[in-house]
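The opening residue of the sequence shown carries number 15 in the working numbering; numbering runs sequentially from there.
Even for Gly, the Cβ is constructed at its ideal location relative to N, Cα and C.
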Amino acid sequence: MDITKSDGLTFEQWMGMVDSMLIGICGLTSNDLPDASWHDEYSADSTPREAIENNNDYLEIPSELLGE
(Lines of atoms letter the chains of each structure in order from A and count residues from 1; the text may use other names and numbers.)
(Lines give C-alpha, C1' and ligand atoms only; values in the text may rest on other atoms or scores of the structure.)
Protein backbone atom coordinates (compact mmCIF):
# COMPACT_ATOMS: atom_id res chain seq x y z
CA MET A 1 0.00 0.00 0.00
CA ASP A 2 1.89 2.98 -1.28
CA ILE A 3 -0.92 5.46 -0.63
CA THR A 4 -0.22 8.47 1.59
CA LYS A 5 -2.07 11.57 2.76
CA SER A 6 -0.78 13.44 -0.28
CA ASP A 7 -2.99 11.11 -2.31
CA GLY A 8 -5.95 12.82 -0.65
CA LEU A 9 -6.61 10.37 2.19
CA THR A 10 -8.03 11.68 5.42
CA PHE A 11 -6.39 10.51 8.62
CA GLU A 12 -9.33 8.19 9.27
CA GLN A 13 -9.03 6.59 5.82
CA TRP A 14 -5.27 6.19 6.23
CA MET A 15 -5.77 4.62 9.68
CA GLY A 16 -8.24 2.19 8.17
CA MET A 17 -5.44 1.02 5.89
CA VAL A 18 -3.03 0.78 8.85
CA ASP A 19 -5.59 -1.25 10.79
CA SER A 20 -6.20 -3.61 7.86
CA MET A 21 -2.48 -4.27 7.60
CA LEU A 22 -2.07 -4.73 11.36
CA ILE A 23 -4.95 -7.20 11.52
CA GLY A 24 -3.36 -9.20 8.73
CA ILE A 25 0.08 -9.12 10.37
CA CYS A 26 -0.67 -9.65 14.06
CA GLY A 27 -4.43 -9.64 14.64
CA LEU A 28 -4.42 -6.27 16.42
CA THR A 29 -5.61 -2.79 15.45
CA SER A 30 -4.16 0.62 16.19
CA ASN A 31 -6.57 0.87 19.14
CA ASP A 32 -4.64 -1.98 20.76
CA LEU A 33 -1.38 -0.03 20.33
CA PRO A 34 -2.06 3.44 21.77
CA ASP A 35 1.56 4.49 22.19
CA ALA A 36 2.41 4.22 18.51
CA SER A 37 2.84 7.61 16.82
CA TRP A 38 0.25 7.19 14.07
CA HIS A 39 -0.61 10.85 13.61
CA ASP A 40 3.08 11.78 13.35
CA GLU A 41 3.49 9.14 10.64
CA TYR A 42 0.45 10.44 8.76
CA SER A 43 1.76 14.00 9.01
CA ALA A 44 5.15 12.83 7.70
CA ASP A 45 3.33 11.38 4.65
CA SER A 46 4.35 7.81 5.48
CA THR A 47 2.61 4.89 3.84
CA PRO A 48 0.71 2.58 6.18
CA ARG A 49 3.50 -0.03 5.87
CA GLU A 50 6.18 2.58 6.62
CA ALA A 51 4.20 3.70 9.68
CA ILE A 52 4.03 0.14 10.99
CA GLU A 53 7.72 -0.44 10.29
CA ASN A 54 8.70 2.88 11.90
CA ASN A 55 6.75 1.97 15.05
CA ASN A 56 8.00 -1.60 15.20
CA ASP A 57 10.33 -0.93 18.15
CA TYR A 58 7.15 -0.41 20.14
CA LEU A 59 5.05 -3.00 18.29
CA GLU A 60 7.71 -5.73 18.39
CA ILE A 61 6.32 -7.51 15.33
CA PRO A 62 8.77 -10.19 14.13
CA SER A 63 10.47 -9.06 10.92
CA GLU A 64 9.32 -12.20 9.06
CA LEU A 65 5.70 -11.07 9.57
CA LEU A 66 6.54 -7.67 8.09
CA GLY A 67 8.05 -9.32 5.03
CA GLU A 68 11.54 -7.96 5.69
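- For the 8 Å CB-CB criterion, residue 43 and residue 33 form a contact.
- The straight-line gap separating the alpha-carbon atoms of residue 28 and residue 56 is approximately 8 Å.
- Residues 59 of the same chain have their beta carbon placed closer than 8 Å to that of residue 20, with the five preceding and five following residues left out of the count.
- DSSP places residue 58 outside both helix and strand once states are collapsed to three, so it counts as coil.
- Residue 30: member of the alpha helix (DSSP H) spanning 25 to 40, first to last residue.
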